[in-house]
Structure formats: structure tokens, C-alpha cells
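Residue numbers (our numbering): 121 to 367. All C-beta atoms, glycine included, are put in the ideal place defined by N, C-alpha and C. Note that the coordinates shown come from a computational prediction; the quantities given were computed from them, not determined experimentally.
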């Protein structure tokens with residue numbers, strides 16, 4: 121608990137204390153500024169959208185890696201982990217090279233909200249894949265075969281047999297994906313352009329406040345993100361418990 125407190129609890133308490141140092145009025149003014157609200161809205165809703173995409177695509181990729189055999193499987197295994205290993209600013213440079221003004225693909229999404237979405241997708245891809253994959257590998261396929269022999273359809277087998285076992289891993293990966301999205305900075309700072317009211321995310325907004333010596337404003341925005349992230353984790357936990365109980 122002492123180690124956990126030093127690493128997590130005390131820093132979080134310090135941020136909340138700084139956020140409230142100017143009282144409720146100062147806190148409210150900081151988080152309700154038009155530019156701040158725009159950055160929070162963009163960050164949160166984009167992170168939710170990316171997480172939903174990852175829940176589907178991450179689970180599918182994990183399924184393919186565990187259940188299928190094909191040429192290039194080992195290469196794909198390595199590629200999935202690249203967003204983990206690649207420095208985020210390098211990821212931003214890669215994305216800018218592929219989807220910027222000089223894109224070899226002819227796709228220019230620089231300085232748009234689509235750029236933020238793509239950057240979030242890139243850095244959050246591995247989370248659900250790597251949380252679901254080991255759980256899926258441990259599922260006994262004899263249970264699926266028994267269900268099939270009793271006349272269960274593939275959809276019923278997945279919904280009643282496989283999904284309840286995968287739900288804890290999927291929700292854990294979803295929580296990590298969302299948390300990484302709301303905190304992301306390096307991978308999108310080059311591609312998005314950080315345009316106020318358009319493509320500026322909260323991490324950039326916090327950094328700008330610190331640069332302008334508005335530490336209280338930065339702490340206030342960070343506190344809002346902390347509350348939102350905690351709420352999302354609680355919601356995902358409730359969904360997990362209900363799905364497992366239903367299964």
C-alpha cells in the first residue's frame with residue numbers, strides 16, 4: 121500500500137488539491153471555458169468511439185491469431201505489438217508521413233478530427249488483442265464441441281460459451297484502450313495540428329496551460345479526466361459482471 125500510495129494515490133491527491141486551490145469558482149471557470157470543453161468533448165467521444173472499434177476488431181484479431189493458422193502469422197504477432205514499442209512521437213511522424221499532405225497513399229487527413237481518431241486507433245490497437253488472446257487460448261474447445269453436438273448454433277456457442285469467458289478480458293482491454301486514448305499526446309500532436317476548438321485534445325490543452333503558467337487550470341482538466349476515466353471503468357465493470365452472470 122505504501123508503494124502504491126507513492127506511485128498513484130499521493131500524486132493523484134496532489135493534482136486534485138492543486139485543482140481546488142482556487143476554490144469551486146476557479147475550478148468551474150477552468151473546466152467550463154469554451155476551448156477546454158471542446159477539447160474534453162473531442163477527447164472523450166473519440167476515445168469511446170475508438171474503444172468500441174477496438175472491442176470488435178481487437179477480439180477478431182485475437183481470434184484469428186489463436187484459432188487460425190496462416191502464412192505470416194508470426195509477422196502479424198510482431199506487428200500487433202509495434203504501438204507498444206514505438207515512441208509515440210515516432211508514431212506521430214509515421215502517421216504524418218502516411219496520412220499527411222505528402223501521403224504516398226493519396227490520403228490527407230492532417231489537421232482534421234479524423235486524424236485524432238486514426239492516431240488513437242494506432243496506439244490503442246494492442247490492448248484488447250493482448251488481453252483477449254491468452255484467455256481465448258486457454259478456453260477448452262471440448263466444451264464448444266459438446267455444445268455443438270447438442271445442437272447449439274455457432275452464434276449460440278459464441279454467445280453462451282465463449283463470450284462469458286472473454287468478457288473480463290475484453291472489458292479490461294477496453295478500459296486500458298479508453299485510458300490510453302484520453303491521455304494520448306505524442307502520436308497525434310503532429311498529424312492533428314492542435315487547432316483550438318477543432319483538433320485540440322485535452323493532453324495538449326493541459327500542456328498549453330502549464331506552458332502559460334496556469335497550473336490550476338491544467339490540474340482542473342486533469343481532475344475531470346480522472347473522474348471520467350473512473351466512471352468508465354465502473355461502467356465496464358458493471359457490464360462485465362452482468363454479462364458473466366447472464367452466461
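Which of the three DSSP states is assigned to residue 275 in this structure?
Reduced to three states, the DSSP call for residue 275 is helix.
Measure how close the beta-carbons of residue 298 and residue 168 come, nearest whole angstrom, since I'm counting them as under 8 Å.
The beta-carbon separation of residue 298 and residue 168, rounded to 7 Å, stays under the 8 Å limit for a contact.
Check whether the segment 276 to 296 touches the segment 350 to 362, counting contact only when three or more Cβ pairs, one atom from each stretch, lie closer than 8 Å.
As far as the Cβ criterion goes, the segment 276 to 296 touches the segment 350 to 362, which means the pair count is three or higher.
Does residue 141 pass the burial test, meaning 16 or more other C-beta atoms within 10 Å, or should it be called exposed?
When all chains shown are included, residue 141 counts as exposed.
Taking DSSP as the reference, what is the three-state secondary structure of residue 337?
Here residue 337 sits in helix by DSSP.
Would you identify the three-state DSSP class for residue 219, choosing helix, strand or coil?
Note: residue 219 maps to helix in three-state DSSP.
Leaving aside the five residues before and after residue 276 along the sequence, list all residues of the same chain whose C-beta is less than 8 Å from its C-beta, in chain order.
Excluding positions up to five away in sequence, the list reads 267.
Whole-Å CB distance - residue 312 paired with residue 235, under 8 Å assumed:
About 5 Å separates the two Cβ atoms, so the contact holds.
For the alpha helix (DSSP H) that contains residue 322, what are its first and last residues?
Looking at the DSSP string, the run of the alpha helix (DSSP H) that includes residue 322 is 322 to 331.
Cβ of residue 310 within 8 Å of Cβ of residue 216?
Contact: yes.
The alpha helix (DSSP H) enclosing residue 250, as first and last residue numbers
Here the alpha helix (DSSP H) through residue 250 covers 233 to 258.
8 Å Cβ shell around residue 326 - same chain, five flanking residues per side excluded:
Correct list, in chain order: 338, 341, 342.
Below-8 Å beta-carbon distance, residue 257 vs any chain D residue:
This model lacks chain D altogether; it includes just one protein chain.
For the alpha helix (DSSP H) that residue 300 lies in, which residues bound it at each end?
Where residue 300 is concerned, the enclosing alpha helix (DSSP H) starts and stops at 283 to 303.
7 Å Cβ shell around residue 147 - same chain, five flanking residues per side excluded:
139, 140, 340.
Look at the alpha carbon of residue 150 and the alpha carbon of residue 362, and state the distance between them as a whole number of angstroms.
Taking the straight line joining both Cα atoms gives about 37 Å.
Spatial distance of residue 306 from residue 231 (CA atoms)
CA-to-CA, the gap between residue 306 and residue 231 works out to about 15 Å.
Report yes if the C-beta distance between residue 255 and residue 283 is below 8 Å; otherwise report no.
In this structure, residue 283 does not lie closer than 8 Å to residue 255 by Cβ.
I need the straight-line Cα distance from residue 144 to residue 203, nearest angstrom please.
C-alpha of residue 144 to C-alpha of residue 203: approximately 39 Å in a straight line.
Please classify residue 359: does DSSP put it in a helix, a strand, or coil?
Helix.
Taking residue 178 as the reference, give the member of 253, 329, 262, 281 with the closest Cα.
Ranking the options by Cα distance to residue 178, first place goes to 253.
Which one of 333, 360, 329 has the shortest CA to CA distance from residue 155?
Among 333, 360, 329, the Cα nearest to that of residue 155 belongs to 329.
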